[in-house]
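Numbering (the numbering used here), first residue to last: 178 to 732.
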């Protein structure tokens, strides 16, 4: 326990710290830096930070440095860091390239923050060699101009964060997230990525399985990606993009989800009110790979023309304000894949037409309505009134009249919903859903990362249901989770595994996804802060103070 006197000192410092003047060094090199004095670097200097031992360079106080080819983190176990900090502080790099994370087992870090500016006239590699790790952090109004590759070679990892209002990355060339390694780009809290040419964003390049899981996240009001073409998954790989919580993406030219190889799998989630993707060109969802586009919970997508190639899927939910607009509502939609329109069990009944297009060329494609009846003439879905039931008790519906069931657990008040395709003739379906027991859930808890918790878990069984048919499940998990922190898990009666789904949605209450069979399913996310503790911490203003004290105690 921390002594009371020590706590009072920390509180005082926390209160006055923001008003006390802080002396800033101008240009400081620490540890293994070559040449040793960064203030003497020129545009032809070959600079290395962190060669055989850790090294760092700090530029602040409105200072400027220049360099030629620059390497950060060049040996196993070594970290090289450059930080450009504060308004008026700059770094201009010319010739060669910037390598952030050069060698296997090495780590490179580049921080651009608090209004600092970095200009790179060539190319920045964030995570270059196999086994290397690169990190680029543009925060609190920092600015970077230059072309980039995130996770260049097989086995490399690269992470880029553009966070906060005024933080930006401006590039005139293509930006590859996961060229042959695994890359992550996050644009959050008002950050911006801007392309000044038609060359655009490529998520998961040509590196096959080594790029699998490369991802771009755009989250929060004011967070934007603007300009350039969009390609997700180019080669035998998987790539993911999420646009959530009011983030916006605006691209030009023809976009492709699942490009260049039949084994490519691309997934794009646009989720939440205010979240948008606008593309001035055509969208090929699968060409020749597989594309998965999910537009849910009030999000909007607009493209000039939409081609759904087999076996690609477009999912949009009903009753939430989500929309897909093709050519301002007069463009052509070619469907050789699958279009799903799904209604959660808790949304209002009615008739919804979330997809606006002038011509529907259905071809050999399928249209699935989950939770209602599809009209192929108007392309609208009439959503049925949901039947209700109690946990642990079979609820029976006639699928020719009712396609939704909302089940409530009487002890906890938690709810779960299931939405089915309509039957032409009378066909009874009985569904039983029960909250999972502690023994089942404890197995899953052991698989979760620290700080994660099980938010909801249900066991399902059904009669009158054909395995393989899509069903839209909605598990109530509550508010204040982040879309990208949530995972779906499947329980086969013996063990748990992450459930790979491409129709995921979260409306700040229910987490929804498409399943093709009944057993056990759960949702995990960030562990909630206990309410009494949260109230005390925030009310007393001691959140950061306690964290600071804990860090100090651990030193």
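Note that CB positions come from ideal geometry on N, CA and C, so glycine has one too.
- Assigned with DSSP and collapsed to three states, residue 370 falls in strand.
- In this structure the stretch 561-570 does not touch the stretch 490-500; the number of beta carbon pairs closer than 8 Å is below three.
- In the three-state reduction of the DSSP assignment, residue 612 falls in the strand class.
- Under the DSSP definition of a beta bridge, residue 594 partners with 583 and 651.
- Counting along the chain, the unbroken beta strand (DSSP E) around residue 403 starts and ends at 401-403.
- For residue 635, the enclosing beta strand (DSSP E) starts and ends at 629-640.
- Beta-bridge pairing by DSSP links residue 677 to no other residue.
- Just so you know, the alpha carbons of residue 265 and residue 293 end up roughly 6 Å apart.
- In the structure shown, the three-state DSSP call for residue 621 is helix.
- Per DSSP, residue 213 has no beta bridge partner at all.
- One Cα belongs to residue 590, the other to residue 449, and the distance between them is close to 25 Å.
- Boundaries of the beta strand (DSSP E) around residue 516: 515-519.
- Going by C-alpha positions, residue 233 is about 20 Å away from residue 271.
- Non-local C-beta neighbours of residue 281 in its own chain, meaning closer than 8 Å and more than five positions away in sequence, comprise 253, 306, 307, 308, 309 and 332, ordered along the chain.
- For residue 557, the enclosing beta strand (DSSP E) begins and ends at 557-560.
- Taking C-beta separations shorter than 7 Å and ignoring five residues to either side along the sequence, the partners of residue 439 in its chain run 465 and 466, following chain order.
- Residue 653 and residue 356 have their C-alpha atoms some 38 Å from each other.
- In the DSSP assignment, residue 659 falls outside any beta strand (DSSP E), carrying neither H nor E.
- According to the DSSP assignment, residue 492 belongs to the beta strand (DSSP E) that extends over 490-494.
- DSSP lists 605 as the beta-bridge partner residues of residue 575.
- The three-state secondary structure of residue 569, taken from DSSP, is coil.
- With 16 or more other Cβ atoms inside 10 Å of its own Cβ, residue 547 counts as buried.
- Secondary-structure assignment with DSSP links residue 465 through a beta bridge to 436.
- With respect to the C-alpha of residue 437, the residue from 453, 408 and 607 having the closest C-alpha is 408.
- Around the Cβ of residue 677, a 10 Å sphere holds fewer than 16 other Cβ atoms; the residue is exposed.
- In this structure, DSSP gives residue 505 a helical state, which the three-state scheme calls helix.
- In the displayed model, residue 446 falls within a strand according to three-state DSSP.
- Assigned with DSSP and collapsed to three states, residue 256 falls in strand.
- Residue pairing by DSSP places residue 411 opposite 436 in a beta bridge.
- The beta carbon of residue 335 sits closer than 6 Å to those of 303, 304, 311, 327, 328 and 360, all from its chain and outside the five residues before and after it, given in chain order.
- Cβ contact annotation for residue 540 (same chain, cutoff 7 Å, sequence separation greater than five): 511, 512 and 513, in chain order.
- Under a 10 Å Cβ-count criterion, residue 288 is classified as buried, with 16 or more other Cβ atoms of the shown protein chains found around its own Cβ.
- Assignment of beta-bridge partners to residue 324 by DSSP yields 300.
- In terms of Cα proximity to residue 414, the closest of 393, 381, 619 and 426 is 381.
- If you draw a straight line from the Cα of residue 483 to the Cα of residue 461, it is about 6 Å long.
- In the DSSP assignment, residue 692 falls within the unbroken beta strand (DSSP E) covering 687-692.
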